[in-house]
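**Student:** Take a look at this one; I'll ask things after.
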Amino acid sequence: MHMPGHKRQAIAGGGLPLELDITEISGFDNLHQPEGILQQSMQQAATLYGAKQSYFLVNGSSGGILAGICTACKPHSTIIMARGCHKSVYHAVELRQLTPVYLCAELDETFGVAKSITPEQVKQALAAYPDAALVLLTSPTYEGVISDIASIAELCHAHRIPLMVDEAHGAHLGFSPRFSGGAVAAGADIVIQSLHKTFPSPTQTAIAHRNGDLINAKEFARQLSIFQTSSPSYLLMAGIDDCLHFVQKNQSELFDAYVQRLDTFSQAMVQLKHLRILCHGKDRFENHGGFFAFDQGKIVISTRSTSLTGTQLKDRLRDEFCIELEMAMGDYALAMTSICDTDEMMQRLTDALLAIDATLSPAQTPLPLTVSLPPMHLAPWQAQLEDSAIVSLQDAENEICAESIWAYPPGIPLITAGECITSDFLCQIRLLLEQGVELYAQTSDFPHQIAIVLR
Ligand SMILES: Cc1ncc(COP(=O)(O)O)c(C=O)c1O
Numbered sequence: 006m007h008m009p010g011h012k013r014q015a016i017a018g019g020g021l022p023l024e025l026d027i028t029e030i031s032g033f034d035n036l037h038q039p040e041g042i043l044q045q046s047m048q049q050a051a052t053l054y055g056a057k058q059s060y061f062l063v064n065g066s067s068g069g070i071l072a073g074i075c076t077a078c079k080p081h082s083t084i085i086m087a088r089g090c091h092k093s094v095y096h097a098v099e100l101r102q103l104t105p106v107y108l109c110a111e112l113d114e115t116f117g118v119a120k121s122i123t124p125e126q127v128k129q130a131l132a133a134y135p136d137a138a139l140v141l142l143t144s145p146t147y148e149g150v151i152s153d154i155a156s157i158a159e160l161c162h163a164h165r166i167p168l169m170v171d172e173a174h175g176a177h178l179g180f181s182p183r184f185s186g187g188a189v190a191a192g193a194d195i196v197i198q199s200l201h202k203t204f205p206s207p208t209q210t211a212i213a214h215r216n217g218d219l220i221n222a223k224e225f226a227r228q229l230s231i232f233q234t235s236s237p238s239y240l241l242m243a244g245i246d247d248c249l250h251f252v253q254k255n256q257s258e259l260f261d262a263y264v265q266r267l268d269t270f271s272q273a274m275v276q277l278k279h280l281r282i283l284c285h286g287k288d289r290f291e292n293h294g295g296f297f298a299f300d301q302g303k304i305v306i307s308t309r310s311t312s313l314t315g316t317q318l319k320d321r322l323r324d325e326f327c328i329e330l331e332m333a334m335g336d337y338a339l340a341m342t343s344i345c346d347t348d349e350m351m352q353r354l355t356d357a358l359l360a361i362d363a364t365l366s367p368a369q370t371p372l373p374l375t376v377s378l379p380p381m382h383l384a385p386w387q388a389q390l391e392d393s394a395i396v397s398l399q400d401a402e403n404e405i406c407a408e409s410i411w412a413y414p415p416g417i418p419l420i421t422a423g424e425c426i427t428s429d430f431l432c433q434i435r436l437l438l439e440q441g442v443e444l445y446a447q448t449s450d451f452p453h454q455i456a457i458v459l460r
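The numbers in the sequence shown follow the numbering used here, run straight up by one, and end at 460.
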């Protein structure tokens with residue numbers, strides 16, 4: 006006589022495994038006050054990752070990111086953060102009314118993706134803002150670029166400032182010598198990983214890790230219970246538990262096969278004449294001086310100097326070969342791999358890329374614009390509190406933006422509320438739209454219109 010209302014009877018479950026969908030009945034513990042099976046399972050996860058404490062997340066990395074930032078940052082404090090952070094970071098910045106200090110990664114000259122954030126950049130920011138409450142980086146990035154977290158953690162800790170790493174794309178790091186660069190082992194204080202992105206775990210499942218003594222454990226647990234539902238799904242939590250046991254039990258077999266599949270793919274990609282694949286095929290990690298490390302599981306396919314845009318490549322793979330990629334930007338597209346791809350799947354991707362490449366000829370394509378960061382006139386939260394108006398894009402130049410604009414994926418803002426709508430920004434938007442990249446805004450009917458602060 007308790008929830009859920011389906012009573013584990015699949016009368017309208019559409020084939021879902023409702024018999025497994027239980028709730029906090031006796032013997033089944035409580036995620037928000039773990040003392041039994043969930044606590045035990047989370048302790049096993051902490052041992053597996055080498056963390057002091059691990060927490061299951063049922064609201065994706067997004068929930069963990071919001072909770073981590075709100076734990077480390079008192080309202081109105083300063084956060085030193087990579088500009089290329091996911092929008093959940095920006096949401097926390099807005100909620101907590103923080104002042105962001107951005108670390109901008111340089112763009113790789115040949116592929117146009119963001120390089121690593123360097124320890125030197127962090128050192129300079131720490132010297133300029135020694136009272137910052139938190140340093141936050143994304144590593145690996147969506148495209149697989151990893152930063153030197155160990156050196157950066159050391160710099161932060163010398164100032165007693167915690168380091169949080171959004172490792173949403175890196176739950177698999179550290180499970181094989183070929184996938185190094187994990188932030189828990191490197192000493193970050195909070196690390197957030199989406200298990201559903203690179204591991205066999207259901208959508209929405211993620212995990213947070215806490216290390217060291219700079220993050221208050223009680224406050225982190227309290228913040229997690231604010232940002233997570235009071236009815237966490239046992240289907241999702243069982244999915245996490247199963248996933249981690251499966252990976253631990255079959256670790257070397259799974260990762261050896263994965264590395265083998267990627268190596269075979271990489272060797273075949275040497276035959277490409279026009280498309281290029283980041284750190285695979287003819288391209289080498291050594292060509293990218295600005296990368297500290299790279300996750301070879303990310304297949305970034307550059308269409309630069311061909312007649313295709315990234316979006317057109319994504320469309321051709323879908324329409325002609327039934328292969329759906331993870332994302333496409335101006336002149337590249339991204340295929341995500343994991344330990345669960347099969348040899349056959351990788352072979353199909355290989356054949357499709359070679360077939361498309363054979364139809365291409367060299368072309369002059371516009372180089373992506375190097376857009377300087379739009380000047381910040383107001384902190385994002387201040388801009389959100391101001392009166393705003395919706396105007397057409399062509400009337401918006403030099404106005405202060407009142408919303409965030411992003412491409413999804415990857416969900417990284419191109420501009421945020423409080424920043425100036427520069428002519429550079431407008432050119433970048435036009436180019437991305439021409440290249441077929443879909444852009445989204447928080448409030449306006451973008452790209453026809455945009456929200457501006459009324460002055
Ligand atoms: C870098 C990064 N961080 C965080 C997230 C949010 O992860 P989740 O979807 O698990 O909430 C994403 C999602 O795409 C992401 O790319």
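Where a beta carbon is used, it is the ideal one built from N, C-alpha and C, also for glycine.
How about D171: is its Cβ closer than 7 angstroms to a heavy atom in ligand 1?
**Tutor:** Checking the Cβ of D171 against ligand 1 gives yes.
**Student:** Where does E408 land, buried or exposed, given buried means 16+ other C-beta within 10 angstroms?
**Tutor:** Buried is the call here.
**Student:** Going by DSSP, what residue range makes up the alpha helix (DSSP H) through L390?
**Tutor:** From DSSP, the alpha helix (DSSP H) with L390 extends over P385 to L390.
**Student:** Look at V264 and R183 and say whether their C-beta atoms are less than 8 angstroms apart.
**Tutor:** Yes; because the gap between Cβ atoms is below 8 angstroms, this pair is in contact.
**Student:** Mapping the DSSP letters down to three states, classify H11 as helix, strand or coil.
**Tutor:** Of the three classes helix, strand and coil, the one that applies to H11 here is coil, per DSSP.
**Student:** Quick one: Cα of D218 to Cα of Y239, how far?
**Tutor:** Cα to Cα, D218 sits roughly 30 angstroms from Y239.
**Student:** What did DSSP end up calling C406 once you bin it into helix, strand or coil?
**Tutor:** If DSSP states are grouped into helix, strand and coil, C406 belongs with the strands.
**Student:** When DSSP labels each residue in this structure, what does S206 get in the three-state scheme?
**Tutor:** In the structure shown, S206 sits in coil (DSSP, three-state: anything other than H, G, I, E or B).
**Student:** Taking C-alpha atoms, which residue in Q228, A340 and H382 lies nearest to L358?
**Tutor:** The residue with the shortest Cα to Cα distance from L358 is A340.
**Student:** Within 7 angstroms: the Cβ of I70 and any heavy atom of ligand 1?
**Tutor:** It does: the Cβ of I70 is within 7 angstroms (strictly closer) of some heavy atom of ligand 1.
**Student:** Leaving out the 5 sequence neighbours to the left and right, which residues in its chain are closer than 7 angstroms to L313 when beta-carbon positions are compared?
**Tutor:** Excluding residues within five positions, the ones whose Cβ falls inside 7 angstroms are L365.
**Student:** Under 8 angstroms: do the segment 47 to 65 and the segment 267 to 277 share three or more Cβ pairs, one atom per stretch?
**Tutor:** As far as the Cβ criterion goes, the segment 47 to 65 does not touch the segment 267 to 277, which means the pair count is below three.
**Student:** Got a sec, what are the start and stop residues for the beta strand (DSSP E) P39 sits in?
**Tutor:** Segment: none, P39 is in no beta strand (DSSP E) and carries neither H nor E.
**Student:** Keeping to the same chain, check which residues put their C-beta closer than 7 angstroms to that of T375; ignore five residues upstream and five downstream.
**Tutor:** So the list reads L112, once near-sequence residues are dropped.
**Student:** For C109, count neighbouring C-beta atoms within 10 Å of its own C-beta (all shown protein chains included) and say buried if the count is 16 or more, exposed if not.
**Tutor:** Answer is exposed; the Cβ neighbour count stays below 16.
**Student:** As a quick exercise: from C406, D300 and V396, pick the residue whose alpha carbon is nearest that of G187.
**Tutor:** That would be D300, whose Cα lies nearest to the Cα of G187.
**Student:** For I122, which of helix, strand or coil comes out of DSSP?
**Tutor:** It is coil, neither helix nor strand.
**Student:** Sorted by chain position, which residues of the same chain lie with C-beta nearer than 6 angstroms to D153's C-beta, five sequence neighbours on each side aside?
**Tutor:** Result list for D153: P124 and F297, in chain order.
**Student:** How many angstroms separate the CA atom of T2 from the CA atom of K120?
**Tutor:** Summary: the structure shown does not reach residue 2, with the chain confined to residues 6 through 460, and so no result is reported for it.
**Student:** Between the alpha carbons of G335 and H293, how many angstroms are there, rounded?
**Tutor:** For G335 and H293, the distance between alpha carbons rounds to 20 angstroms.
**Student:** If you compare alpha carbons, which of F260, Q256, R309 and S257 is closest to I282?
**Tutor:** Among F260, Q256, R309 and S257, the Cα nearest to that of I282 belongs to R309.
**Student:** Can you tell me where the alpha helix (DSSP H) with V264 in it begins and where it stops?
**Tutor:** Element bounds for V264: Q256 to A273.
**Student:** How would you call M6, buried or exposed, if buried means at least 16 neighbouring beta carbons within 10 angstroms?
**Tutor:** Exposed.
**Student:** From the DSSP output, in three-state form, read off I197 for me.
**Tutor:** The answer is strand: DSSP assigns I197 an E or B state.
**Student:** Once the 5 residues before and after C345 are set aside, which same chain residues still bring their CB inside 8 angstroms of it?
**Tutor:** Hits under 8 angstroms: P205.
**Student:** For F116, write down the residues that DSSP places opposite it in a beta bridge.
**Tutor:** Paired residues: none, contrary to the question.
**Student:** Return the Cβ separation of K202 and A176 in integer angstroms, given the expectation that the two are a contact with Cβ distance under 8 angstroms.
**Tutor:** At roughly 7 angstroms, the Cβ-Cβ gap stays under 8 angstroms, so K202 and A176 are in contact.
**Student:** So, using beta-carbon positions, are F225 and A56 closer together than 8 angstroms?
**Tutor:** No, the pair does not count as a contact, with Cβ atoms beyond the cut-off.
**Student:** If L444 and L438 are in contact, beta carbons under 8 angstroms, what's the gap, nearest whole angstrom?
**Tutor:** About 7 angstroms; that satisfies the 8 angstroms criterion.
**Student:** Which same chain residues end up closer than 7 angstroms to G244 when comparing Cβ atoms and leaving out the 5 residues on each side of it in sequence?
**Tutor:** Closer than 7 angstroms at Cβ, skipping near neighbours: S206, P207 and T210.
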